[in-house]
Structure formats: structure tokens, C-alpha cells
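Letter by letter, the sequence shown follows residues 308 to 558 in my numbering.
Ideal Cβ positions, reconstructed from N, Cα and C, are used throughout, including at glycine.
The structure under discussion appears below in the form of C-alpha cells.
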Amino acid sequence: MEIKQIDARGGWDNLNYVVIGKGGECLVIDPLDIDQIDKVIREYRVKVKAVINTHGHLDHIQGNLEASQKFDAPIWAHPLAKQWGTKVDHYLQDREMIDLAGEADGVEVLHTPGHTMDHLSLLVTRGPDSWALICGDTLFNAGVGNCHNGGDPAVLYDTIQKIVVPLDDKVEVLPGHNYLVSNLSFTLSLEPGNMAAQQLLEQGDDQLVSNIGLERKINLFLRQAPLKFPDGEQLDGQELFLRLREQRNRW
Numbered sequence: 308m309e310i311k312q313i314d315a316r317g318g319w320d321n322l323n324y325v326v327i328g329k330g331g332e333c334l335v336i337d338p339l340d341i342d343q344i345d346k347v348i349r350e351y352r353v354k355v356k357a358v359i360n361t362h363g364h365l366d367h368i369q370g371n372l373e374a375s376q377k378f379d380a381p382i383w384a385h386p387l388a389k390q391w392g393t394k395v396d397h398y399l400q401d402r403e404m405i406d407l408a409g410e411a412d413g414v415e416v417l418h419t420p421g422h423t424m425d426h427l428s429l430l431v432t433r434g435p436d437s438w439a440l441i442c443g444d445t446l447f448n449a450g451v452g453n454c455h456n457g458g459d460p461a462v463l464y465d466t467i468q469k470i471v472v473p474l475d476d477k478v479e480v481l482p483g484h485n486y487l488v489s490n491l492s493f494t495l496s497l498e499p500g501n502m503a504a505q506q507l508l509e510q511g512d513d514q515l516v517s518n519i520g521l522e523r524k525i526n527l528f529l530r531q532a533p534l535k536f537p538d539g540e541q542l543d544g545q546e547l548f549l550r551l552r553e554q555r556n557r558w
């Protein structure tokens with residue numbers, strides 16, 4: 308199995324994905340840049356099994372109908388995506404496995420609410436091991452999604468703790484947007500001694516594909532230890548997460 312990351316043109320720093328199986332089928336995730344997606348599909352000569360939305364925000368569903376028609380593929384999403392009033396042909400359930408023809412590796416659907424209540428992520432496996440998390444706007448490089456439009460930061464905290472934190476360090480993080488530089492700057496504004504974040508920022512590689520192990524070092528929202536803020540307040544757990552999210556909203 309192979310995953311192609313597409314830097315979509317559109318002004319939102321969106322990242323689209325094509326998950327390619329060995330047997331000639333693929334999945335298209337959060338289509339926005341249809342031309343680039345089409346190039347990948349033609350290059351690999353694969354048939355689109357489904358168009359999948361991680362959640363119902365406009366920048367993740369805007370290309371649905373064009374992609375569905377162009378590739379003759381159904382649209383799949385979480386049942387709670389009904390609230391957005393968009394066309395969905397099949398509703399995916401938490402822990403559902405998606406099979407691609409001729410592919411021994413798997414794609415597991417995970418309900419990851421918080422950014423929105425309908426949010427899902429896809430955990431891609433290689434053999435018995437988890438390989439990559441296509442996580443939409445739940446988890447970013449050095450950050451997490453905001454909860455302004457249909458979300459709840461307390462629910463997002465629970466999702467991060469229950470789904471993301473237990474993942475193996477080697478699992479690649481494939482988010483729905485590239486906010487790496489701004490998120491690293493936020494980390495350093497509160498933890499100026501974070502050498503991993505500082506080194507990444509100095510490298511200037513905004514095309515980095517990180518993993519859970521690296522995120523534990525640079526992503527304050529995955530922090531399991533207390534953090535002392537400049538005003539002297541020290542927080543941990545959910546209180547820390549909620550303050551970080553509120554502070555990031557204003558940063």
C-alpha cells in the first residue's frame with residue numbers, strides 16, 4: 308500500500324491524500340485539488356473505490372461532487388455528517404475496516420470527534436503494524452484543530468488521549484492542513500527551550516512528514532506532563548489542553 312500526499316492549491320494549506328492498494332484500487336481523502344488527484348490516479352492506473360471525507364467543513368468536501376463524477380466513485384463519511392446536508396452514499400462506522408482489492412494491508416476507520424462531531428480518521432496498517440494516521444483536522448504537526456465550527460475542545464481532548472496518545476511512535480502523522488511553521492512558533496512561545504521544535508523551525512522544511520514520536524516532543528497538545536505558563540499558572544491534563552486551545556485561538 309502507498310499513500311500520496313497532495314499539497315492542494317486553494318489558500319487553506321489543505322493536504323489531500325490518495326491511498327493506493329496493490330490490486331488496482333485507491334481511496335481519495337478530502338478532495339480539493341482534483342487535477343493533482345487525477346494525475347496520481349492516472350500515473351498509478353487505479354480505480355477509485357471511494358471518496359472519503361474526514362469531516363464536513365467546506366474545504367474538505369468542496370471537491371466531492373466533481374471527484375465522485377470524474378472517478379465514478381461513491382462518497383463515504385461518518386453518519387453525523389448528515390448535519391452538513393451534503394451527499395453521502397455510505398456511512399462509515401467506528402472501527403470499520405476498508406478493504407482494497409488485492410491488498411493485505413488495511414485501513415481502519417476511527418471516529419475522532421472534537422474538531423467536529425462527525426470527524427473520522429483513517430489508520431493505515433502494514434501487516435500487523437499501524438503505519439500512518441490520516442487525521443484530517445483532529446491532529447496537526449505540532450498542533451490540533453480548533454473547535455469553532457461544530458466542535459468541542461473537551462471532546463477533542465478525550466479523542467487525543469484515547470486515540471492518538473496510545474499510538475506507536477513510528478506511526479506517521481498525515482494531517483488535513485500544513486500549519487507546521489505557525490504551530491512550531493506557538494510551541495516555542497510557551498516552551499522556548501524546546502530544542503526539537505527549534506531545530507525543525509530552523510530547518511524550514513514545511514513539507515515534513517512527522518510521526519507520533521516526534522509529535523510527543525513538539526506538540527504541546529500531546530503533553531502528558533504539567534506546563535507552567537508565563538503568568539505562573541501550572542496546568543496539566545484537560546485543564547492544560549483547554550487553555551492551550553484557547554490560547555492558540557488568540558495567538
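For E540, no alpha helix (DSSP H) segment is defined, and its DSSP state is neither H nor E.
In this structure, the straight-line span from the alpha carbon of G457 to that of V431 is close to 27 angstroms.
With a 10 Å radius around the Cβ and a threshold of 16 neighbouring Cβ atoms, V335 comes out buried. In the structure shown, V478 falls within a coil segment according to DSSP collapsed to helix, strand and coil. Around the Cβ of K389, a 10 Å sphere holds fewer than 16 other Cβ atoms; the residue is exposed. Taking a cut-off of 8 angstroms on C-beta distances, the segment 437–457 touches the segment 415–428, as three or more cross pairs fall below it. In this structure, the beta-carbon distance from S492 to N448 does not fall below 8 angstroms.
In this structure L497 touches L534 by the C-beta definition: roughly 7 angstroms separates them, less than 8 angstroms. Burial check for W383: the Cβ neighbour count within 10 Å reaches 16 or more, so the residue is buried. For Y486, the secondary structure class from DSSP, reduced to helix, strand or coil, is coil. Cβ-Cβ distances below 8 angstroms link P537 to L497 in the same chain, with the five nearest sequence neighbours on each side left out; the list follows chain order. Contact annotation: N501 and I525 have beta-carbon atoms nearer than 8 angstroms. With a 10 Å radius around the Cβ and a threshold of 16 neighbouring Cβ atoms, E350 comes out exposed. Setting aside the 5 residues that flank it on each side, V462 is surrounded in the same chain by P420 and G421, each with a C-beta closer than 7 angstroms to its C-beta; the list follows chain order.
For K329, the CB contacts under 6 angstroms within the same chain, skipping 5 residues up- and downstream, are G409 and E410 in chain order. Around the beta-carbon of L365, fewer than 16 other beta-carbon atoms lie within 10 Å, marking it exposed.
Around the beta-carbon of V480, 16 or more other beta-carbon atoms lie within 10 Å, marking it buried.
Using a Cβ distance threshold of 8 angstroms, E332 and L407 count as a contacting pair. Per the DSSP secondary-structure output, Y324 pairs in a beta bridge with Q312 and I336. Separation of Y486 and F528 (C-alpha to C-alpha, rounded to the nearest whole angstrom) is 14 angstroms. Inside the segment 400–445, DSSP marks whole beta strand (DSSP E) runs of 3 or more residues at positions 414–418, 427–433 and 436–443, from first to last along the chain. Straight-line measurement puts the Cα of Q541 at about 46 angstroms from the Cα of Q343. In this structure, V414 lies away from V488, with their beta-carbon atoms at least 8 angstroms apart.
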